[in-house]
Every structure is written in C-alpha cells, then in structure tokens.
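Colleague: Handing you a structure now.
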Amino acid sequence: MKKFYITTPIYYVNAEPHIGSAYTTIMADIIARYKRMMGHDVFFLTGTDEHGLKILQSARRKGKDVKEFCDELALKFEKLWEDLKITNDYFVRTTNPEHEQTVNFFVRKMMENGDIYKGKYSGWYCVHCESYYDEDEVEEIDGKKVCPVCKREVKWVEEENYFFRLSRYNEALKKQFKENPDFVEPEFRRNEMLKILEKGLKDISITRTTFKWGIPFPGDEEHVIYVWVDALINYVSALGYGRESDDRMRKYWPADVHLIGKEINRFHSLIWPAMLMSVGLDLPKRVFAHGWLTVNGRKISKSLGNAVDPREFVRKYGNDVVRYYLVRDIVFGKDGDFSEEKLVRRLNADLANDYGNLVHRTLAMVKKHFDSHVPKPSKSGGMDEKLLEKTKKTVNSYINLMDSLRLTDAMEAVWGYVAFLNTYFDRERPWVLAKRGEKERLATVLYNTLEGILKVAMMTMPVMPDTSREVFKRLGFPEEVKPGHLEFWGSLKSGVHAIHGKPLFRKIEMEKFEKIAEVKEVEEKGENIITTDEFAKVDLRVAKILSARRIEGSEKLIEMEIDVGELGKRTLVGGLAKYYTPEELVGKLVIIVANLKPRKLFGVESQGMLLAAKKGSELKLLTVEGEIAPGARIS
RNA sequence: GGCGGCGUAGCUCAGUGGCAAGAGCGGGUGAUUCAUAAUCACCGUGUCGUGGGUUCGAGUCCCACCGCCGCCA
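Mapping the first sequence onto our numbering, position 382 (from 1) lands on 433, and the numbers just tick up by one.
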C-alpha cells in the first residue's frame with residue numbers, strides 16, 4: 052500500500068481559530084480523504100504552535116498561566132476539527148514533551164554537522180510579527196521606528212544568539228528547485244522562492260534570550276529555540292523522529308504535501324528544507340501554498356469583527372455544504388473571497404438543483420415503477436454509449452486533477468458530469484417510457500442514471516462525506532468506496548432496496564435570507580479617515596416611527612412605517628426584534644440614513660437604515676434629545 | 001525602489017499567434033412535467049486596461065503608460 056503523508060501548518064494559539072485556519076484544514080482533509088479512498092495509507096497531521104513571546108504576552112494579558120492558556124486554545128482547535136469532522140490522524144502540540152525531545156535531537160544533530168554557531172544579532176524587533184528587521188527595513192512614523200508589516204512600534208535588540216548556517220544550503224536548495232519543478236506550488240510561489248535563492252540566503256538566528264517561553268537550546272539553557280525552528284520540526288516530531296518509537300517516521304517520511312498559507316512559504320520552502328538537509332533527512336515532495344481568504348471582500352481580522360466562526364456556517368448550512376462551497380468557489384491556490392451569498396448560490400444551484408434534484412427525480416421513478424428496487428438493466432441504446440464515454444472521461448480527469456491538487460477544477464469536472472446526467476435523463480424521458488409501458492428500456496435508463504449518481508457520490512466523497520454516505524445508503528450500495536470502484540461501471544446491484552427519501556439539500560430563498568453576520572464596514576486603523584465631502588454624502592435624518600410589526604419567519608426583523616417629514620413616509624426594516632418589541636418602537640424619534648440604496652429583506656423593501664449603538668448583546672436606538680420635527684437633517 | 005503577475009461578457013474566470021473570442025453564474029425565450037417553481041434546449045458585436053510596434057495575421061509576442069496585486073528591498 053502506498054503511503055501518503057499530508058500536513059497543515061500548526062496553528063498559533065494566540066487567537067481563536069477562524070474561517071482561514073478552517074479553510075486550510077478542510078482542504079487538507081479533502082486531500083487526505085481522497086487519498087484514502089484511492090487506497091493510500093494516509094497520515095494526516097495538524098496541530099498547534101504554542102511557544103514564543105506573543106503567546107506569552109497574550110496569556111499574561113488575560114492573567115493566565117501560559118501553559119493553561121495554551122491548553123485551552125489547543126483544545127478549542129481540537130474541538131473545532133472534531134466539529135468539522137476533520138480526519139486528522141494525530142494532533143501535535145509543540146509543548147508536548149515528545150516534541151521537545153525531537154526538537155532537542157534535531158538541533159543537536161544540526162550542531163554535530165557544524166551548522167550552528169554563536170554570533171551576535173542586533174536589529175529591530177516587532178513583537179507582534181515575531182520578526183526582526185534591519186535598519187533600512189523599518190519605517191518611521193512620528194519619530195518612532197515601526198514594523199514595515201504591521202506598523203507597530205519596534206524595539207532595538209542586541210542579543211548573543213545561535214545561528215543556523217542557512218547560507219551553506221543555498222546551492223543545494225537551488226538544485227532541489229531545478230530538479231523538482233513541482234516542489235513548490237503554485238508556480239508563481241515557486242518563482243518567488245527561486246528569486247530569493249538567486250539573491251542568496253543569509254544565516255539566521257535561531258535562538259532567543261529575552262524570554263523563556265520556548266524549548267531550551269541544548270547545552271545553553273540561557274537560550275530558547277526560536278519559535279519558527281521549533282514549529283517546523285513538528286512535521287517530524289509527530290512521527291517520532293529522534294525518539295525510541297520512530298516507526299511512523301520510517302513509514303511516512305518524507306511528507307507528500309505540506310499544505311500551507313502563502314505567508315509562511317519561505318519557512319517551508321527554504322528554511323525547513325535546509326534544516327532537513329542539515330540533519331540528513333529527505334525533503335518533502337511538495338509544498339503547496341494556498342491563498343488567503345477574505346470575508347465579504349475584506350481581510351480577516353478580529354478588529355473588523357469578521358473573524359467568523361466556521362461553526363456558525365456549518366450549523367446553518369451543514370458541514371458538507373460549507374466544504375463544497377470552499378473547494379468549489381475558491382480556486383485552490385489563489386486568494387478567494389468567502390461570502391454567504393455566494394455560498395447560498397452554490398447550495399441552491401449546484402447542490403439542490405443539479406445534484407440533489409437529480410437524485411430525487413431518479414429515485415422517485417424507481418420508487419413508483421420498480422417498487423423501490425434498483426432495476427435490472429438490459430441491452431443499451433439511446434445515449435447509453437455516450438454516457439459510458441462521458442463517465443470514463445470524467446473519472447479520468449477527476450483523478451488527474453485531484454492528484455495534482457487542482458481540487459476546484461476536479462469539482463467542476465464532476466459538475467459537468469452531473470449536468471450530463473440531467474441531460475441524459477431528459478433526453479431518454481423515462482416518464483414517457485413508463486407511460487408507454489416500455490419497462491425494459493425504462494429499467495436501463497434508470498439503472499444507468501443511478502450508476503451515474505453513484506459515481507458522483509464517490510467522486511464527491513472526499514468533499515461531502517455525509518452526503519455521499521447518504522446516497523450510498525439510498526442506492527443500496529453497502530460498502531465504502533474501494534480502489535477500482537470509481538473506474539468500474541456496474542457497481543449497483545439490481546434488486547436491492549432503494550430509498551427515495553427527502554431532498555438531499557434544502558434550498559434557501561435568496562430574498563428570504565438573513566446573513567449570519569453583517570460585516571462591520573470599518574477599515575483598519577489609519578485607513579478609516581473620510582473627507583467632509585464623503586461624510587456629507589450620507590443623508591442623516593430624524594424620523595418618527597408610526598407603526599411597527601414583526602416580520603413573519605424572521606427572528607430579528609421588524610418592519611416599520613416611518614415619517615421622514617419632507618421626504619414623506621417610508622418603510623424600513625431593521626434587525627431589532629431581539630431588543631425591542633414593536634409596541635416600544637412606535638412613536639420613537641430615531642435617526643436614519645435616508646439615502647441608502649434600498650434593500651429587500653424577506654420580500655419587504657427597506658428604504659433606509661436605522662442607527663443604533665451596539666455592544667455585546669446590548670443595543671440602543673439613537674434618538675434626539677427633545678422634540679424636533681421629523682425630516683430634520685443631521686449635521 | 002527592484003523583480004514578477006494580473007487587467008477578457010453584468011459577476012467569477014478559461015483562452016499553445018491563425019477558423020467569425022469561450023465556460024459557469026445571473027438574465028431572457030422556448031420545451032417539458034419524473035423531480036426541490038426542478039431540468040433540458042436556445043439566446044452574448046464584449047474598445048480582450050490605454051497607446052504604439054513586430055507580423056500576412058495579436059487577447060496571445062515587444063515597448064511605454066494607467067490601475068490592482070504579490071515577492072524582495
């Protein structure tokens with residue numbers, strides 16, 4: 052059995068997991084599930100990175116013991132992966148004694164090979180980014196030196212450090228890149244790394260003395276190992292490298308794929324391979340750097356309030372739907388945007404209409420005309436040959452695309468096949484065959500469609516495991532997918548019980564849909580200054596609420612009739628039901644944005660927006676101090 | 001600042017120098033009724049960012065410019 056070792060980055064535990072970390076892990080999970088389905092012996096690793104100054108500070112800020120703080124967050128990550136049904140085989144933590152043991156062994160080995168020396172480091176340090184900068188790299192704002200990345204103040208540090216002779220591996224790395232064109236993917240990421248190699252690598256400092264939250268440097272306890280060096284070693288410490296029980300190491304190393312985000316490419320494509328060369332281990336076969344996710348077009352960040360919990364989406368739409376959306380809508384490797392509208396569109400069009408309805412309409416006929424038993428096919432005719440051809444082609448390209456990690460394209464190919472199955476069904480018109488009493492042909496057409504559906508369920512198994520299992524159950528296909536199943540036509544047994552069941556996916560009506568979180572339209576610090584002109588564009592008015600009532604079917608929305616004086620009467624919809632009763636609202640003088648583009652909510656057009664102050668679970672409407680005529684302008 | 005990438009239909013994007021530039025989504029028309037108002041068929045003259053150039057021929061190569069992004073400084 053061929054082995055397959057895939058890793059995600061280990062996540063830094065100074066903040067709670069968000070959709071970005073979930074994205075990486077879900078993609079890795081899809082690949083892992085696919086490889087298992089194709090008969091590989093898979094080891095899928097994820098975990099947490101728990102050392103470093105930043106974590107120490109986060110813990111202190113919360114008044115917690117560092118280790119306890121790490122334990123809590125690591126648990127949150129583990130819990131999240133459990134909730135998202137991630138099939139990782141192990142969860143590594145850099146505070147595990149076993150990990151420390153491996154790091155110790157690893158670093159000692161680097162020393163033995165003469166790759167570590169003591170030197171002096173001086174430069175600017177950004178605590179937030181855990182990065183060091185040279186004099187010419189830092190920027191100056193208001194006379195203060197700031198980090199070129201995050202613009203926070205940097206501090207001057209001078210340290211005696213141990214250094215890794217990274218420069219020694221410059222040529223070897225170049226060779227590695229030249230001889231292995233798919234060592235780093237996508238290609239443009241590879242080129243970026245190559246360029247760094249052309250310029251030449253400098254040795255890097257790999258220890259710190261200013262704080263203690265890390266793994267002690269072997270032989271010099273004054274130093275702790277730099278968090279990045281410590282972290283990278285997780286990929287082999289999880290396998291038992293340098294410890295007594297290292298059979299996993301022997302079995303699974305080298306990694307087949309290190310799946311990472313683009314921001315940590317240098318560490319994985321240059322530093323980590325050099326470290327491996329230093330200790331004499333094989334290099335990973337492939338480093339795949341995916342892009343970043345924005346949420347509704349904005350960078351994910353806590354301060355923006357759009358660091359959405361993936362679980363909310365899973366709760367609302369289902370795990371499979373979220374996974375399908377992520378893999379289908381965001382081209383794997385590129386940056387992409389996560390938006391709830393787009394998710395709903397995919398759910399409605401691809402899943403409910405194309406796939407779900409195909410399953411539903413086919414099984415409905417099986418139930419009606421074959422008493423819920425998989426029919427027995429006879430001689431082929433009509434489009435049957437074409438269907439077989441299309442199946443073969445689709446399965447082939449699916450396998451090729453999945454193997455080369457083009458996950459998005461693979462799903463696109465599968466949906467081309469779903470469309471073909473719908474066309475096949477329409478052209479063969481089984482409902483007409485039924486009326487004419489052509490039972491043999493009817494049986495063949497339905498069998499073929501079911502077999503096609505089975506193929507779809509197999510190919511989508513890595514992405515939508517629960518849905519696929521449900522489809523297997525309905526088709527009376529008892530087994531898990533095994534190698535060879537995908538390529539073989541005729542896996543379904545005639546005569547077995549088939550279940551019609553409820554539609555696989557429920558559609559969401561676009562007009563009647565409430566988003567989980569309205570993203571705050573706030574820019575990051577420093578970028579949120581607007582001009583007077585821009586502010587003047589916003590027409591703020593006093594309005595009187597004439598009547599109010601709850602909108603049926605919505606938990607939050609209240610529809611109001613308001614009087615805006617010279618602008619007349621308007622309808623307004625606001626998410627107030629959790630804070631005010633309709634009765635409380637009537638008669639209130641409120642502040643509205645009068646020139647906002649109207650928006651339809653639950654079929655009601657809202658012509659403006661109410662202003663309110665919100666903190667946590669509290670919300671208070673803005674009003675005026677004393678009486679003033681409705682329609683009054685606010686400036 | 002250096003290097004690189006991108007800018008193609010309302011949206012998201014494909015497009016080895018060569019037939020009259022494509023797909024999906026959305027929209028429109030028709031068909032159909034097995035099905036979750038679903039599916040199927042048909043419907044796109046878009047300055048291919050701008051301006052030059054090379055070529056028999058350029059979205060596709062070259063140069064300049066504009067805009068966005070990435071990596072390194």
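Think of the CB as a built atom: it goes at the ideal place given N, C-alpha and C, for glycine as much as any other residue.
Source: prediction; values computed, not measured.
Once you ignore the five residues that flank Ser72 on each side, which residues in its own chain have a CB closer than 6 Å to its CB?
Modeller: Tyr62
Colleague: Near Pro516, which residues of its chain fall below 8 Å by C-beta distance, leaving aside the five closest residues on each side in sequence?
Modeller: Cβ neighbours of Pro516 beyond the five flanking positions: Arg84, Lys136, Asp371.
Colleague: Between Glu617 and the rest of its own chain, which residues show a CB-CB distance below 6 Å, the 5 nearest in sequence each way excluded?
Modeller: Gly682
Colleague: What separation, rounded to the nearest whole angstrom, lies between the Cα atoms of Leu508 and Glu502?
Modeller: Reading off the sequence, residue 508 comes out as Ala, not Leu. Approximately 10 Å, taken between the alpha carbons.
Colleague: Answer yes if the stretch 149-168 comes into contact with the stretch 255-272, meaning at least three C-beta pairs across the two stretches below 8 Å, and no otherwise.
Modeller: Per the Cβ contact rule, the stretch 255-272 is in contact with the stretch 149-168 (3 or more Cβ pairs under 8 Å).
Colleague: Alpha carbon to alpha carbon, how far is Asn221 from Glu101?
Modeller: Asn221 and Glu101 have their C-alpha atoms spaced approximately 29 Å apart.
Colleague: Which of helix, strand or coil does DSSP assign to Val178?
Modeller: coil
Colleague: Hey, would you say Asp380 sits closer than 7 Å to Gly342, going by beta carbons?
Modeller: no
Colleague: Alpha carbon to alpha carbon, how far is Leu438 from Ser390?
Modeller: Looking at the backbone, the Cα of Leu438 and that of Ser390 are separated by about 35 Å.
Colleague: In the DSSP assignment, what residue or residues form a beta bridge with Arg557?
Modeller: In the DSSP output, where bridge partners are listed per residue, Arg557 has none listed.
Colleague: Excluding the 5 residues preceding and the 5 following Leu107 in the sequence, name in chain order all residues of the same chain whose CB lies nearer than 8 Å to its CB.
Modeller: Val117, Phe262, Trp264
Colleague: Check the DSSP bridge columns for Glu612 and list the partner residues they point to.
Modeller: Ser598, Thr622
Colleague: Look up Ile57 in the DSSP assignment and say whether it is helix, strand or coil.
Modeller: strand
Colleague: What is the DSSP secondary structure of Ala470, reduced to helix, strand or coil?
Modeller: helix
Colleague: Could you give the distance in angstroms between the alpha-carbon of Gly432 and the alpha-carbon of Lys302?
Modeller: 50 Å
Colleague: On the criterion of 16 or more Cβ atoms from any shown chain inside 10 Å, does Ser445 qualify as buried, or is it exposed?
Modeller: Before going further, note that residue 445 is Thr rather than Ser in the sequence given. Classification of Thr445: buried, given that the 10 Å Cβ count is 16 or more.
Colleague: Nearest to Leu252 by CA position, among Leu224, Tyr277, Arg241, Glu236, is which residue?
Modeller: Leu224
Colleague: For Ile581, name the three-state secondary structure that DSSP assigns.
Modeller: Residue confidence is low: Ile581 scores 46 on pLDDT, short of 50, so the model does not pin down where it sits. Its coordinate-derived value is still stated next. Note: Ile581 maps to coil in three-state DSSP.
Colleague: How would you write the range of the alpha helix (DSSP H) that Ala79 sits in, first residue to last?
Modeller: Where Ala79 is concerned, the enclosing alpha helix (DSSP H) starts and stops at 70-88.
Colleague: My understanding is that Thr58 touches Tyr286, with C-beta atoms under 8 Å, so please give their C-beta distance in whole angstroms.
Modeller: 5 Å
Colleague: Taking 7 Å as the cut-off, decide whether the C-beta atoms of Val675 and Leu636 are in contact.
Modeller: no
Colleague: Answer yes or no: do Arg600 and Ile643 have a C-beta to C-beta separation smaller than 7 Å?
Modeller: No. Outside cutoff.
Colleague: Determine the DSSP secondary structure at Ser657, reduced to helix, strand or coil.
Modeller: strand
Colleague: With a floor of 4 residues, list each alpha helix (DSSP H) that falls wholly inside the stretch 442-493, ordered by position along the chain.
Modeller: 458-479, 481-487
Colleague: Is it a yes or a no for the stretch 329-344 touching the stretch 145-163, going by three-plus beta-carbon pairs under 8 Å?
Modeller: yes
Colleague: So, Tyr141 versus Ala282, is the Cβ gap smaller than 7 Å?
Modeller: no
Colleague: Exposed or buried, what is Gly535 when buried is set at 16 or more other beta-carbons lying within 10 Å of its beta-carbon?
Modeller: With a 10 Å radius around the Cβ and a threshold of 16 neighbouring Cβ atoms, Gly535 comes out exposed.
Colleague: Using the rule of at least 16 other Cβ atoms within 10 Å of the residue's Cβ for burial, across every protein chain shown, is Thr500 buried or exposed?
Modeller: Classification for Thr500: buried.
Colleague: From which residue to which residue does the alpha helix (DSSP H) around Val158 run?
Modeller: 148-163
Colleague: Taking only the alpha-carbon atoms, compute the straight-line gap between Asp420 and Asn399 and give it to the nearest angstrom.
Modeller: Reading off the sequence, residue 420 comes out as His, not Asp. Near 28 Å, if we compare the C-alpha coordinates of Asn399 and His420.
Colleague: Strictly by DSSP, which residues pair up with Lys169?
Modeller: Tyr213
Colleague: Going by DSSP, which residues form a beta bridge with Leu135?
Modeller: Leu135 is not bridged to any residue.
Colleague: Which ranges does the beta strand (DSSP E) cover as unbroken runs of at least 3 residues, wholly within the stretch 281-355, from first to last along the chain?
Modeller: 308-312, 338-341, 344-346
Colleague: Starting from the C-beta of Pro68, find all residues in its chain whose C-beta is less than 7 Å away, skip the five residues before and the five after it, and write them out in chain order.
Modeller: Tyr62, Lys127, Phe128, Leu131
Colleague: Go ahead and pull the three-state DSSP assignment for Glu575.
Modeller: With a pLDDT of 33 at Glu575, under the threshold of 50, the modelled position of this residue cannot be trusted, and the question is left open.
Colleague: Reducing DSSP to helix, strand and coil, say where Trp207 ends up.
Modeller: Trp207 carries a strand assignment under DSSP once its states are collapsed to helix, strand and coil.
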